[in-house]
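Here the structure comes first, spelled out in structure tokens, and everything after it is commentary.
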Amino acid sequence: MSNIYRSNILKSQKRAYSEGTVLLEDDIWYFFEIDAEEESELDFYLHQELRLYRDDEWITGVLLEDGILATPYEKFRIENGDRILIKKSILFSLENLMEEISDDAFNQFITTLNNLNYSIYDCIFCHNHLVFLENQKIKQGVNFITFDNGDEICAVQHHFTYYKKQRDRFEFTLSTGKRIVIENIVK
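Position one of the sequence shown corresponds to residue 6 (this note's numbering), numbered consecutively onward.
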């Protein structure tokens with residue numbers, strides 16, 4: 006599995022973007038997210054991926070100063086009331102963890118998470134114990150990850166042993182009491 010394949014899986018996740026509208030007030034652009042009660046300054050998202058809804062299609066680009074969306078081919082000026090999608094970021098500790106696990110473990114983890122109606126972007130907490138074991142020959146421990154999809158909470162324990170074999174065991178526990186355990190061993 007290539008990094009491009011993993012990247013495409015992450016891009017296709019539910020809730021990968023925050024949706025809302027923009028408003029220019031006193032020379033400051035504001036973003037009003039549909040599901041949030043507060044606005045944020047659009048400048049907070051400078052140089053990040055953004056999608057602009059124009060002429061019945063989504064245009065993907067990078068946000069620049071003064072409400073400019075730059076695509077590889079042209080630039081668009083954002084206007085008052087425009088609908089936009091802002092790409093969410095994955096928690097840094099979870100992103101590092103996903104890079105450490107094998108392709109099979111990554112695929113099984115994401116598939117199970119999605120089947121439980123969670124997205125990688127629903128992560129609200131991740132303790133990645135692997136980063137503390139970087140220079141050790143035998144890596145063994147547990148990572149703790151919490152997801153919130155707006156309806157339920159899912160706690161994941163990732164038990165790992167990396168020595169002669171790479172063993173990943175994910176225990177998913179939902180707030181409803183449902184539990185699922187998956188295991189992946191790579192020789």
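Glycine included, every Cβ here is placed at the ideal spot set by N, Cα and C. Bear in mind the structure is a predicted one, so any value in this text is a computation, not a measurement.
If we count the other Cβ atoms within 10 Å of its Cβ and call it buried at 16 or more, is residue i buried or exposed?
i, result
"Y168", "exposed"
"L52", "As written in the sequence, residue 52 is His, which differs from the Leu given in the question. So H52 counts as exposed."
"N5", "Residue 5 lies beyond the stretch modelled for the chain, which goes from 6 to 192, so this question has no answer here."
"D108", "exposed"
"D127", "buried"
"I115", "buried"
Go ahead and pull the three-state DSSP assignment for residue i.
i, result
"L51", "coil"
"A110", "helix"
"Y168", "coil"
"R20", "coil"
"I83", "coil"
"E44", "strand"
"L96", "coil"
"N154", "coil"
"I125", "helix"
"D71", "helix"
So, at 7 angstroms on beta carbons, what are the nonlocal neighbours of residue i in its own chain, with the 5 sequence-adjacent residues on each side left out?
i, result
"F177", "T117, L121, C159, V161, R184, I185"
"T166", "Q145, R172"
"H134", "G146, V147, N148"
Can you list, in chain order, the residues of its chain with a C-beta nearer than 6 angstroms to that of residue i? Leave out the 5 residues immediately preceding and following it.
i, result
"I129", "T151, D153"
"G66", "L74, A75, T76"
"E38", "S23, G25"
"W63", "R56"
"E70", "none"
Which residues in the same chain as residue i place their Cβ atom closer than 8 angstroms to its Cβ, once the five residues preceding and following it in sequence are excluded?
i, result
"Y50", "F36, L68, I91"
Can you tell me which residues form a DSSP beta bridge with residue i?
i, result
"F197", "Given a span of 6 to 192 for the chain in the structure shown, any question on residue 197 remains unanswerable."
"G25", "E38, I89"
"N148", "H163"
"N120", "According to DSSP, which records beta bridges pairwise, N120 is partnered with nothing at all."
"I33", "E30"
"I64", "L57"
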